[in-house]
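Chains V and Y are the protein sequences, given in the same order.
Here the first sequence is numbered in our numbering, starting from 1079 and rising by one per residue.
Here the second sequence is numbered in our numbering, starting from 28 and rising by one per residue.
Scroll down for the structure; my scribbles are underneath it.
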Amino acid sequence: MSKRKAYYTSKIKRAVHMLFYRRHKKPGVKGWELRKALGSDYPKVLKILDDYLKTLDLQVKTVFEEEKQVEKPTLEELDKARFYVTLRGELTPKEAKMIGWRIDDLAGLAIAITHVISKKGKAPRKEVEELLRDKLPGWKVGFNIDRYIRYGYLTQDENEQLYLDWRTRAEVDQKALIDLLLSK
Amino acid sequence: MQSKRERSKTGREKLQRTIEMCKSVEDRSLDPFLIDVDEVISTVREYFPEWEIPEDLCLDAETIHRLASVIKLQSEWVKHRSTSLYTDPFLLEEKLTRIGKEEIVETFVNAWHPIVEFEQISLHSLAEALRYWESLLPLKERWKEFPPAELERSLATREELIRQRILRDKAFSEELENFWQELKNHVGTKGENGKIRYWDFVGAETYDETVNKAFMTSFLVTYGYATLEIHPLEEEIFIKPYEKQTAKIGKEQLVSIPIAVSAEDWIKWKRGELE
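This is the structure:
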């Protein structure tokens, strides 16, 4: 094995440990943490890892601080971004069930997220509850919204306004979701 | 014909209503275009000549402030509409109510890429934990190492309380009177027209001392040993000692005047930059 290859192999192993095992309360690793552990060429290490993960249907997902996808991020933007390993392709509804989601709860999550997106990223909790109550039993509605908040899909302010939270930004392709729903 | 008083009252009510409306648009994410900006501006303009007292002017300013926030929301709304993420909420709501749960889930999973994370213990961490466990003393032994401290009880002397800064060595009133005398001497030597610049009096060799002098000065003013003369346009504050203590409390409305005595200001004063 060439010296260069050995160098990147060890860096990739370290990156896998950091990305797959939770280090903080929230999953994911900040860019500056990766820089500290892997060196300043960590974006290259992540690129190689991402290519490798492609065959496993996984990807290294970058979520920038500004919530927008950046075409050519600067090192500073990368340092502030959070990196995750997410599924590259899609789950089937059956698989979603296997990872602990009931179909009702997942549908409720989809509705809540879609409604918040359509309302420019901020919607009153009451409105979302009203929408969910149409298809979910009343006792479950509040419970489910609290659960989405706890998981980090939604967040709520003191005026009971719901916003999208870190997990939605990391896991959900918002544009694809809206396009798919409208094409139904 | 409305009297001036009635007109002001109507104006105040209109501004209050506008503020409330703007607030509810902001807090409850209502459509910001519900507010007719031109109309609000003409109302504000119409009643502006009526305002004389500060409270009314504040109301006027708050209306403008709230209106500015609504205009910002309107601009964000327009921006969002022009992005690819914009979808008419009604259209989307209609879709959501029409399609079934299964279909919603099928759609969602096509746009959902859940985070992958492991929760697994490694051999290395198990070995580490075992090593730690082996070296950990039993609770009985560990607690023996920290016997409860025995406290000796006795009466504290006045000197000890002064040393611990619980008591002062002089009575506060006595200290305040000495400080008043110091102010008078300063005004006599360095002041003009019976007053001295605030910083020329409170400024001292160390920052701690400066803060202490500012603290004592505040009591001189509160208890009627001195007064402050503020020239807002020149941004100058003077302190003027009274010859005799004057009792202000209960006679007139007292106002608080916050004066920042920051370390930066003190450094500037030391360098002679604080004019």
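The beta-carbon is built from N, C-alpha and C at its ideal position, and this holds for glycine as well.
Could you pull the start and end residues of the alpha helix (DSSP H) that S208(Y) belongs to?
Looking at the sequence provided, one finds Gln at residue 208(Y) rather than Ser. Element bounds for Q208(Y): 199 to 217.
Taking the alpha-carbon positions, what's the F206(Y) to M243(Y) distance?
Distance between the alpha carbons of F206(Y) and M243(Y): 8 Å.
Less than 7 Å between C-beta atoms, sequence neighbours within five positions excluded: which residues of the same chain meet that for T237(Y)?
V229, G230, A231, V288, W293
Taking C-beta pairs closer than 9 Å, name the residues in chain V that V238(Y) reaches, listed in chain order.
The contacting residues do not exist; V238(Y) stays about 37 Å from chain V at best.
Taking the alpha carbon of V303(Y) as the reference point, which residue from I193(Y), L57(Y), I80(Y), E47(Y) has its own alpha carbon closest?
Outside the shown range of chain Y (28 to 302) lies residue 303(Y), about which nothing can therefore be said.
Are the beta-carbon atoms of T1133(V) and E1249(V) separated by less than 9 Å?
no
Evaluate V1148(V) with the Cβ neighbour count: other Cβ atoms within 10 Å of its Cβ, from every protein chain shown; 16 or more gives buried, anything less gives exposed.
exposed
I want to check one thing, is the minimum distance from the CB of Y1241(V) to the heavy atoms of the ligand GDP below 8 Å?
The model on display carries no ligand, and the ligand GDP is accordingly not part of it.
What does D54(Y) touch in chain V if you count any residue whose Cβ is under 9 Å from its own?
Result: N1237, Q1239.
Given Y1310(V), which residues of its chain have a CB within under 7 Å of its CB, disregarding the five upstream and five downstream residues?
Limits of chain V in this structure are 1079 at one end and 1262 at the other, which puts residue 1310(V) out of reach.
Which residue from I1090(V), M1096(V), K1091(V) puts its Cα closest to that of E144(Y)?
M1096(V)
Would a check of beta-carbon distances place Q147(Y) closer than 9 Å to chain V?
yes
Please check if any C-beta of chain Y sits within less than 9 Å of the C-beta of E1207(V).
With 9 Å as the cut-off, E1207(V) does not count as an interface residue toward chain Y.
Would you say A138(Y) reaches chain V, if we count a Cβ-Cβ gap shorter than 9 Å as a contact?
yes
Assuming the contact rule is C-beta atoms closer than 8 Å, K128(Y) and K1213(V) should be a hit. Round their C-beta distance to whole Å, please.
Correct: roughly 6 Å between the Cβ atoms.
Smallest Cα separation from E79(Y): which of R34(Y), K99(Y), P59(Y), Y234(Y)?
R34(Y)
Taking only runs that begin and end inside the segment 214 to 273 of chain Y, name each unbroken beta strand (DSSP E) of 3 or more residues, in chain order.
253 to 258, 263 to 268
If you follow the alpha helix (DSSP H) that F117(Y) is in, where does it begin and where does it stop?
116 to 125
Please decide whether G1106(V) counts as near chain Y, where near means a Cβ-Cβ distance under 9 Å.
yes
Segment contact flag, the segment 1155 to 1175 of chain V with the segment 92 to 107 of chain Y, C-beta cutoff 8 Å, min 3 pairs:
no
What span of residues does the alpha helix (DSSP H) with V1250(V) cover, start to end?
Unbroken run through V1250(V): none, as it is neither H nor E.
Would you identify the three-state DSSP class for I1126(V), choosing helix, strand or coil?
helix
So, at 8 Å on beta carbons, what are the nonlocal neighbours of Q1239(V) in its own chain, with the 5 sequence-adjacent residues on each side left out?
So the list reads K1200, A1201, P1202, R1203, once near-sequence residues are dropped.
Are any of the Cβ atoms in chain Y nearer than 9 Å to that of A1159(V)?
no
I'd like to know if K122(Y) contacts chain V, where contact means its C-beta is closer than 9 Å to some C-beta of that chain.
Interface residue, yes.
Along the chain, where does the beta strand (DSSP E) containing A1201(V) start, and where does it finish?
1200 to 1202
Using DSSP with H/G/I as helix, E/B as strand and the rest coil, what is R1160(V)?
strand
Please name the residue, chosen from E168(Y), K211(Y), H140(Y), that lies closest to Q1137(V) on a Cα-to-Cα basis.
H140(Y)
W170(Y): buried (16+ other C-beta within 10 angstroms of its C-beta) or exposed?
exposed
Quick check: the segment 1122 to 1131 of chain V against the segment 1093 to 1108 of chain V, are there 3 or more CB pairs under 8 Å?
yes
Chain-ordered neighbours of K128(Y) on chain V, where CB pairs are closer than 7 Å:
I1181, D1182, A1185, K1213
If I measure Cβ to Cβ from W1244(V) and keep anything under 7 Å in the same chain, skipping five residues before and after, which residues do I get?
K1104, G1230
Residues of chain Y with CB closer than 8 Å to the CB of I1177(V), please, in chain order.
P141
How big is the Cα-Cα spacing for E133(Y) and D58(Y)?
32 Å
From this set, R1160(V), Q1252(V), L1242(V), which residue's C-alpha is nearest R1228(V)'s C-alpha?
L1242(V)
Counting only beta-carbon atoms, is A151(Y) nearer than 9 Å to chain V?
Here the sequence assigns His to residue 151(Y), which means Ala is not the residue at that position. No, H151(Y) lies away from the interface with chain V (no Cβ there is under 9 Å from its Cβ).
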